[in-house]
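Let me begin by presenting the structure, written as structure tokens, before commenting on it.
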Amino acid sequence: MASIEETGRRTPPPAGAASLAAKLRPPLLTPFQVQRAAICDAVCAAGFVKLVLVRAPAGFGKTTAMLQCRARLEAAGGRTAWLTLDRSDNDPSRFLGSIEAAIAQGLGSGGPDRSARQALAQDPGEQALALIDRLASHHGDFTLFLDDFEAVQNAAVAGLVWQLVESLRPGCRVVIGTRWVPETGLARLRARGELLEIEPAQLRFSADETASFLRQARGLKLEQSAISVLHRRTEGWATALWLASVALERRTQPEGFIAGFSGSNAAIADYLVEDVFLHLPEAVRDFLLRTSILDQLCGPLCDAVCQPAAGSSDEILAWLERANLFLLPLESERYGERGSGAEPEQWYRYHSLFSGFLRAQLAQAMPESVPQLHLSASRWYESQGRLVPAIEHAFAAGALAHALQLLDSAADDLLAQGRMRLLTRWLESVPAEDLARLPKLQIARVWAVSFTRGPAEAIALLQQIPTEGAAGDLLAHIRALRHMLLNMMDRFDDARAFARNELPPLPMGYAFPDAILATSMARLAAVAGDYPEARRLLQVARHAVRGSDSNFNKIFSESVEGLIDLRQGRLQQALARFRIAASTMLPNRFGPTNGNAMAGILLAEGLYESGDSERASRLLNVYLPLSRDLGLPDQIITGHAVLARIAFERREIDQAHEWLAQLEALGHHRGLTRLVMAAMLERARLALRQGNVHAAQEAIERAADPALWRTRPGVSSFASDVEDITLGRLRLDLYARPGTPVREAIERELAAAAGNQLMRRALKLRILLAQAWQRCGDGAHALVVMGEALRFGAAEGFVRIFADEGDDVRRLVADACARQAASLPAPYVEKLLQACGQAAAEPPGAGRPAPPALVEPLTPKEQKVLHLLAEGYSNVAMAERLFVSETTVRTHLRNISAKLHASNRTQAVAIARQLGLL
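So that you can map any letter, position 7 of the sequence shown is 7 in UniProt numbering, and since no number is skipped, the others follow by simple counting.
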């Protein structure tokens, strides 16, 4: 057994390696278990279930039941993976790294060693998508077990889990063990029969299981009457029965103990743990109390924390493991190089119920020692180069000076890599007077709050930092922050005035603030239409961080330049930049961040425009939860709007409106009126797609906020460069008041857009102009204009900008493609027509055959179903609206198709329109 001195000379493992490896190893099944056959049968027989939710309070045997299910599945030839979650998994990046490691280990393509080094060097969005792709490509049964899920408090992490579950193919499932879980995402799985719920009532021991546990598993010689009393008093609670059995081992007259056994579950636990705890050797009790501050334990760490008098920490840990005293062995991790001969260090964790009890006992028995224990843990982690847990324990120790010293040394790296949530949590716990003495950390807090709580709160904090006599680096950060925050708040005029009156020429000589400021100024220039200046400033930003190991600025510079490309109609170039930004890794000893959620949303927008709705949807389901609190208004608007459009095309009308309701609510919550107005504009567009002009008129009127849409020549935010109030009104007029005035208005807007190099907007307006000519009765002119739009769209691969405009435009697209088939790329035409719901373009001059006369009229119910079908409702949604079963809806649809002589839903709607039924 190595001495403390020898241990101190060992080379530390990579940061997080031991923790990751430990979490991937399931706890060992004890010989005292009771077989939960009914639960295992239910899980193994649930062939079409995607999620098994084992939900119960602490101590109900969730983990044991999951371990037995895992053993049964593996015995049947299925593959499994295990991950025990903890509070560190509230960081989406670390959570995804752990999930990736588990899946890699379960599918036999690498274990925790590989994932610890490689998975942690990836962007969270890319990690999530890779995991989904990995599971989608796996053929055969696979079950992922996630234990202690109650540790996950971050809604973004929970959202990633639901997205992973939704994407599972048949034969794959996730089993979650948790004390509680948010309802978000469960209702849909429950309605589809894809959720199996194991509740406390199923986990409680039956009377027979209680008898089997006490007599066979624990070897206690108890009368049936005593067992019945104990079962009744514990109500089958597994942990209480286990603790009772430990106490009963030492009693010669168990009946008296059982007769006095009473109280609530928490009181029973306290009583039993005290009864067991007080019978342990004093040295062991002291060890347990002192090490209770640790989330995970290994010999050297425990030596540093408590320096046990009776034997080394390794010996005590081994004794506790042999005694089955609430210590769970975790995966081993070597110190030093492989092949060096170093013995592996065994890691452990305490049972969470026991750990909580121990900490409460420590606070009562030796409260004065708690700070020193945390400080010892902090210094050990610091010696291992693991600054994040070192800082955590320093704060827990109340050693503010030491914590701030560590944080001050780590702040630049943490900031550069975007660890904004972590910085916010730590720095908000620091008293203002202490933070005031550390300008670097004051600035770090403002940066962190900017990306976690929004620009309004951040700018208030920034104003509290004195600038008189400030050092050059501090002034550089303040200037960059002020400009960026004004930009984030859509205060473009103020940001421009600040840059003109108060900013020195770039660069200022400080990499991070120089790069952020240059990118912020570039965004402002692009909003104003000065694209050459915007691109010049982006080059300044890239030059400022050249040679550094931080990719944080690379993400933003590529994203902003990609937005300029997209605005100017260069879709393919924009996609290339968005891919670079979204795939940029953030390797660093502190791990990855979610800093490129913005780039992920932009990539999704580009992919959607190119017709790849499936990929766009998957990206947004990963990135949008990560960016709701952190993202810029433009990306929040884009993400929700694109998801609403995708849902609409999938005939999930209710879901489309749900996305827009979320966008509106977020706008109210964050005080961003532009989000509210964008939701209204998108509602108007969807209403017109459904033929509801009145609803569209109401939405446009609500969106027409003069203060928001005031005219500023040449100025438009990225999210409204196409969809703004002007275009919304023009589209409405096309349906409500078609004629020459609206056509001429569209022509004026088209000329203005082209003059301002807003070529994506110009393309949209050209499409609407073709529709205007068609509604004016000039079909020939409409085809000429649509042909011009198609030539531009084909050059860059635009698809959805055509398909999103509804039936009139889709028919024009089909006719124009047929007339210009020789001059348009065939793959593009095929993709566009498929997006427009057209199987093939008709040859020039070919008229559509008149539909057969309706021999048998539609019933009133069938007419209602037909109208809902035309509006895009799914069968389930129609059943809910009509208060009938889905089977009844299918019957109505069959009757409608037969009466209209239609072979599919789309054809039925088209024929109904020709017959004037819609």
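Where is the CB? At the ideal position from N, CA and C, for every residue including glycine.
Do you know offhand how far residue i's Cα is from residue j's?
i           : j           : result
residue 861 : residue 892 : 8 Å
residue 789 : residue 761 : 11 Å
residue 534 : residue 459 : 24 Å
residue 808 : residue 836 : 10 Å
residue 120 : residue 59  : Low local confidence applies: a pLDDT of 47 at residue 120 is under 50, so the model's placement there is unreliable, with the coordinate-based value given in what follows. Answer to the nearest angstrom: the Cα atoms are 32 Å apart.
residue 751 : residue 139 : 55 Å
residue 565 : residue 749 : 20 Å
residue 915 : residue 777 : 20 Å
residue 287 : residue 672 : 54 Å
residue 107 : residue 427 : 41 Å
residue 509 : residue 464 : 24 Å
residue 545 : residue 451 : 20 Å
residue 900 : residue 887 : 20 Å
residue 841 : residue 744 : In this prediction, residue 841 has a pLDDT of 40, which is less than 50 and means its spatial position is unreliable; what the coordinates show is noted afterwards. So the two alpha carbons sit approximately 30 Å from each other.
residue 485 : residue 519 : 12 Å
residue 87  : residue 770 : 56 Å
residue 408 : residue 674 : 38 Å
residue 413 : residue 421 : 14 Å
residue 532 : residue 496 : 17 Å
residue 826 : residue 763 : 20 Å
Pick out whichever of the options has its Cα sitting closest to the Cα of residue i.
i           : options            : result
residue 82  : 541, 147, 135      : 147
residue 151 : 139, 89, 143, 134  : 89
residue 873 : 687, 417, 246, 901 : 687
residue 466 : 253, 763, 443      : 443
residue 448 : 419, 251, 255      : 419
residue 819 : 703, 830, 501, 784 : 784
residue 249 : 235, 717, 279, 232 : 279
residue 477 : 369, 902, 507, 628 : 507
residue 870 : 763, 895, 649, 735 : 649
residue 693 : 658, 663, 736      : 736
residue 691 : 918, 494, 605, 628 : 918
residue 97  : 209, 157, 221, 40  : 157
residue 253 : 221, 532, 503      : 221
Tell whether a beta-carbon distance below 8 Å holds between residue i and residue j.
i           : j           : result
residue 928 : residue 330 : The requested residue 928 is not part of the displayed model; the chain covers only 1 to 918.
residue 516 : residue 553 : yes
residue 815 : residue 719 : no
residue 55  : residue 180 : yes
residue 731 : residue 685 : yes
residue 758 : residue 804 : no
residue 582 : residue 599 : yes
residue 371 : residue 399 : yes
residue 228 : residue 207 : yes
residue 171 : residue 133 : no
residue 230 : residue 244 : yes
residue 655 : residue 647 : yes
residue 50  : residue 189 : yes
residue 241 : residue 213 : yes
Might you give, ordered along the chain, the residues of its own chain that have their beta carbon closer than 6 Å to the beta carbon of residue i, omitting 5 neighbours on each side?
i           : result
residue 922 : In the structure displayed, the chain extends from 1 to 918; residue 922 sits before or after that span and is not available.
residue 403 : 391, 394, 395
residue 84  : 23, 147, 148
residue 563 : 718
Tell me which residues share the same chain as residue i and place their Cβ nearer than 7 Å to its Cβ, disregarding the 5 neighbours each side in the sequence.
i           : result
residue 521 : 483, 499, 537
residue 42  : 196
residue 621 : 163
residue 802 : 767, 793, 809, 813, 832, 836
residue 523 : 487, 560
residue 734 : 742, 768, 771, 772, 775
Once the 5 residues before and after residue i are set aside, which same chain residues still bring their CB inside 8 Å of it?
i           : result
residue 294 : 301, 302, 305, 377
residue 700 : 680, 681, 684, 725, 728, 729, 732
residue 489 : 455, 456, 459
residue 885 : 879
residue 823 : 791
Quick one: any contact between the segment 198 to 209 and the segment 156 to 165, if contact means 3 or more CB pairs under 8 Å?
-> Output reads no: the segment 156 to 165 does not touch the segment 198 to 209.
Do the segment 20 to 30 and the segment 66 to 80 make contact, defined as three or more Cβ pairs closer than 8 Å?
-> Between the segment 20 to 30 and the segment 66 to 80 there are three or more inter-stretch CB-CB distances shorter than 8 Å, so the stretches are counted as touching.
Please determine if the segment 604 to 614 and the segment 796 to 807 are in contact, where contact requires at least 3 C-beta pairs separated by less than 8 Å.
-> Yes, since at least three Cβ pairs between the segment 604 to 614 and the segment 796 to 807 fall closer than 8 Å, the two stretches touch.
Taking 8 Å as the threshold, find out whether the segment 422 to 440 comes into contact with the segment 567 to 581 through three or more Cβ pairs.
-> Judged by Cβ distances under 8 Å, the segment 422 to 440 makes no contact with the segment 567 to 581, as fewer than three pairs qualify.
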